[in-house]
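Undergrad: Heads up, the sequence shown is in my numbering, so the first residue is 14 and it goes up one at a time.
Built from N, CA and C at the ideal position, the CB exists for glycine as well.
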Amino acid sequence: MSSRIEEQDFTAERVDLSIWKRLYAYALRNRGLVAVILLSLVVVSLVDVAYPLLSRYAIDTFITPKTTDGLGRFAAVYAAFVAVQGVGTFVFISRSGKMEMTIAYTIRQEAFEKLQNLSFSFYDRTAVGYLMARMISDVGRLSEMVAWSLVDVLYALFYVASSIVTIFSLNWRLALVVVAVIPPLAGVSVFFQKRILFYQRQARKQNSRITGAFNEGIMGAMTTKTLVREEQNAREFNELTGDMRRISIRASLLSASFFPLVISMGAIGTGFALMLGSAGALQGQTAFVGAITVGTLVSFVSYATQMFDPIQQLAGIFAELQDAQASAERVIALLDTAPEVVDSPEIVQKYGDILHPRRENWEPIRGEVTFDHVSFSYKEGEPVLQDFTLDVRAGENIALVGETGAGKSTIVNLVCRFYEPTAGRILIDGVDYRQRSQLWLQSNLGYVLQSPHLFSGTIADNIRFGRPDATDEEVRAAAALVHADAFIRRQDKGYDAEVGEGGARLSTGQKQLISFARVMLADPRIFVLDEATSSIDTETEQLIQQAITHVLHGRTSFIVAHRLSTIRHADRILVIRGGRVVEAGTHEALMAARGYYYDLYTHQFREEAMQGALQRAAREDAAD
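(1) Kindly list the residues whose CB is nearer than 8 Å to the CB of Leu41, restricted to its own chain and excluding five residues on each side of it in sequence; keep chain order.
(2) Which runs of the alpha helix (DSSP H) at least 4 residues long sit entirely within the segment 178-212? Give them in chain order.
(3) Going by beta-carbon coordinates alone, are Tyr8 and Ser176 separated by less than 8 Å?
(4) If you draw a straight line from the alpha carbon of Leu519 to that of Asn475, how long is it in whole angstroms?
(5) Just to confirm before moving on: does the CB-CB distance between Tyr143 and Ser261 stay below 8 Å?
(6) Should Val428 go down as buried or exposed, given a rule of 16 or more other Cβ atoms within 10 Å for buried?
(7) By how many angstroms is the C-alpha of Ile281 removed from the C-alpha of Ala300?
(8) Taking Ala4 as part of the alpha helix (DSSP H), name the residues at either end of that continuous run.
(9) Using only alpha-carbon positions, find the residue among Tyr168, Thr81, Ala492 and His496 that is nearest to Met320.
(10) Mind reading off the beta-carbon distance from Val512 to Phe540? Whole number of angstroms is fine, and I expect it under 8 Å.
(11) Please report how far the alpha carbon of Ser277 lies from the alpha carbon of Thr74, in whole angstroms.
(12) Taking just the CA atoms, how far does Lys111 sit from Arg44?
(13) So, under 8 Å CB-CB, Arg568 and Arg531 are touching, yes? Tell me the CB distance rounded to an integer number of Å.
(14) Using the Cα positions of Tyr70 and Trp185, report the straight-line distance between them to the nearest angstrom.
(15) Quick one: using the 10 Å Cβ neighbour count with 16 as the cut-off for buried, is Val178 buried or exposed?
(16) Using the C-alpha atoms, what's the distance from Ala247 back to Gln326?
(17) With a cut-off of 8 Å on the beta carbons, I'd call Asp488 and Arg503 a contact; round off their distance for me.
(18) My understanding is that Val354 touches Gln451, with C-beta atoms under 8 Å, so please give their C-beta distance in whole angstroms.
(19) Leaving out five residues before and five after Val192 in sequence, what residues of the same chain have Cβ atoms less than 7 Å from its Cβ?
(20) Please tell me whether Gln399 and Gly230 are closer than 8 Å, where the distance is taken between their beta carbons.
(21) How about the segment 429-441 and the segment 130-140: do they share at least three Cβ pairs that are nearer than 8 Å?
(22) Per DSSP, Lys392 is paired with what?
(23) Buried or exposed: Asp137, going by 16 or more other Cβ atoms within 10 Å of its Cβ?
(24) Tell me, to the nearest whole angstrom, how far the beta carbon of Arg422 is from that of Phe401; I am working on the premise that it is less than 8 Å.
(25) Considering only the beta carbon of each residue, do Ala419 and Ala583 sit closer than 8 Å?
(26) Where in the segment 442-491 do unbroken runs of the beta strand (DSSP E), each at least 3 residues long, occur, reported from the N-terminal end onward?
(27) Any contact between the segment 368-382 and the segment 61-69? By contact I mean 3 or more CB pairs, one from each, below 8 Å.
(28) Rounded to whole angstroms, what is the Cα-Cα separation between Thr579 and Thr615?
(29) Could you round the C-beta distance between Leu638 and Ile324 to whole angstroms and report it? I think they count as a contact, below 8 Å.
(30) Smallest Cα separation from Val57: which of Val152, Leu170 and Ile76?
(31) By a C-beta neighbour count over all protein chains shown, 10 Å radius and 16 as the cutoff for buried, is Arg619 buried or exposed?
(32) Pick helix, strand or coil for Arg35, following the three-state DSSP scheme.
(33) Do you know how far the Cα of Ala140 is from the Cα of Val4?
(34) Using beta-carbon positions only, say whether Asp29 and Gln338 come within less than 8 Å of one another.
(35) Mapping DSSP to helix, strand and coil, what is Ala300?
(36) Kindly indicate which three-state DSSP category Val141 falls into: helix, strand or coil?
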């Protein structure tokens, strides 16, 4: 149930403004939308600031003198202010909602493009659950945060700034009492900052682990049931969710302590203002406050009370920024992840990149492959290949055999440029493949895995995956060429049958045949088979062997073989041990040499013969 990697740790003790600056830049890409929001917020905040002044006017003009002269005009003005406020509020709420969706769309689009460009090594060490958590929950949270916090911050700043100017114009001494609360408020915010940020980071990290566990639990449901792992998996998952609960409770307790402090400090400031202002209004004048009218006192208290609402809001936004810091760090880290295999700027200029290829500049490929003193290691100090040299002619069929970990898959991954040599060169048609675009090479590759991946959709969609413009006739021809047409036509809807998620509605052998058909339709010059027949039945293997004969004809091919009987007709068999070729030749030559390959083949032949005898005996017993 544990993930293949640990989530990346982030240790900044304060809110990283540079990260938030980058995120808010997504909002500023649509400057027209931001301008409309800004204008509506200014209007709404100014109207809100005007309300206490209107109350002051009403008290001093109508209530205190006990007259209604001019009340109708006042009511009309008040109604106009209400209408303007309503329109402004509608505008900034609707536009802010649009901004939220736009930001989420843009970040996910950029992240998906980044994932398309990242090297195979990234996926080899990164769990799916982590990526899903970042792209779904983290991006959704951040887009909401950026859009609405921008609105709230701008409103709060406009309102507070306007209110401070207004209260100082009304009575600067009393205003000093109110604003004196602001510095301690800032101090409280700083005090809680580190603690809230730490626990929120832990919570987001744990959420990724939970997402990863969910993913593994779903994908590995069959294995779980066959190994009766339900209880153990449930116990491990309970530990993950238990840790999440404890971390989240601690974060909630800190936030719960933070907000009452902010509210209390605001109430204290308002209380002092009311006490001192009341003395001035009732006595006509005091030494500290001076003369003040009842209307001015009421408006002043309104400002003091209402001004602390946006200040509290700003404090809340600040806390939310701390809460969301972990999400922001995770998303930015993904967006900033650099591919390990990259084309040089000169190569991109000539050949284009993965998403914007310039196919008109691509040279034709024959399929000659040369390993020129190649060394490679996944981890520093742990070499897999050392000074590996190999020349493969165009159209030659190369089989790679050897023990697990010998370096077979590494060789074909290097051919595909999923990785690059740490030393030496790999040449395609006599040219270092780093002098060509990745896409140039990989567009001429056909790769069939032991467990091929099918995408949700129809059989035809999956065969056409590498050539979306292929006609129905070409799809059927490719399927017929690899002997897949017969079983496809037996499906309820034939080529329009749905394969299910990951090809779940088809057998492993059927998925292999569709994978072969997909590769045939793409017409690659270099072909890679990585244990493609190791987990299928004998009947399907015969069909696939026939398919291989058609597929590999005239193409350079590398076959990583588990069943040695499937590579007897290879042009050359390479026995790999410890990242080196220890034996090479045809099947007949290697058998005659009676070396390591001979031992492997005869041992496997005896095992298969014994298994065949046991299966025949079982069938005979069943018949009796």
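TA: On the basis of the supplied data:
(1) Excluding positions up to five away in sequence, the list reads Val47.
(2) With a minimum length of 4 residues, the continuous alpha helix (DSSP H) runs that stay inside the segment 178-212 are 185-192.
(3) Since the first and last residues shown for the chain are 14 and 637, residue 8 lies out of range.
(4) Pairing Leu519 with Asn475, the inter-Cα distance amounts to about 13 Å.
(5) Taking 8 Å as the cut-off, the Cβ atoms of Tyr143 and Ser261 do not count as close.
(6) Val428 is buried by the Cβ-count criterion.
(7) Only weak support exists for where Ala300 lies, its pLDDT of 45 falling under 50; the value from the coordinates is given anyway. Taken atom to atom, the span from the alpha-carbon of Ala300 to that of Ile281 is near 21 Å.
(8) What is shown of the chain runs 14 to 637, which leaves residue 4 out entirely.
(9) Taking Met320 as reference, the option from Tyr168, Thr81, Ala492 and His496 with the minimal CA-CA separation is Tyr168.
(10) The pair is not a contact, with the Cβ atoms about 23 Å apart (cut-off 8 Å).
(11) When rounded, the separation of the alpha-carbon atoms in Ser277 and Thr74 is 34 Å.
(12) Going by the C-alpha atoms only, they are around 13 Å apart.
(13) Arg568 to Arg531, Cβ: 15 Å. No contact.
(14) C-alpha of Tyr70 to C-alpha of Trp185: approximately 19 Å in a straight line.
(15) Its Cβ having fewer than 16 others within 10 Å, Val178 is exposed.
(16) Approximately 41 Å between the Cα atoms of the pair.
(17) Looking at the sequence itself, residue 488 is Val, so the reference to Asp does not match. That pair is no contact at about 17 Å.
(18) About 7 Å; that satisfies the 8 Å criterion.
(19) Within its own chain, the residues whose Cβ lies closer than 7 Å to the Cβ of Val192, once the five positions on either side in sequence are excluded, are Ile177, listed in chain order.
(20) Cβ atoms of Gln399 and Gly230: not closer than 8 Å.
(21) Short answer: they touch.
(22) The partner list for Lys392 (beta bridge, DSSP) reads Glu395.
(23) Burial call: exposed.
(24) For the record, residue 422 in the displayed sequence is Ser; it is not Arg. Between Phe401 and Ser422 the Cβ distance is about 14 Å, and since that is not below 8 Å, they are no contact.
(25) No Cβ-Cβ contact shorter than 8 Å links Ala419 with Ala583.
(26) Listed in chain order, the beta strand (DSSP E) runs fully inside the segment 442-491 are 458-461, counting runs of at least 3 residues.
(27) The answer is no - the segment 61-69 does not touch the segment 368-382, with fewer than three Cβ pairs under 8 Å.
(28) Approximately 14 Å, taken between the alpha carbons.
(29) Summary: the structure shown does not reach residue 638, with the chain confined to residues 14 through 637, and so no result is reported for it.
(30) For Val57, the closest of Val152, Leu170 and Ile76 by C-alpha to C-alpha distance is Leu170.
(31) Residue environment for Arg619: exposed (fewer than 16 other C-beta atoms within 10 angstroms of its C-beta).
(32) Residue state, collapsed to three classes: helix.
(33) With the chain running from 14 to 637 in the structure shown, residue 4 is simply not present.
(34) Yes, the pair counts as a contact, with Cβ atoms nearer than the cut-off.
(35) Low confidence applies to Ala300: its pLDDT is 45, below 50, so where it sits in the model is not reliable, and the reading given next is rough at best. DSSP places Ala300 outside both helix and strand once states are collapsed to three, so it counts as coil.
(36) The three-state secondary structure of Val141, taken from DSSP, is helix.
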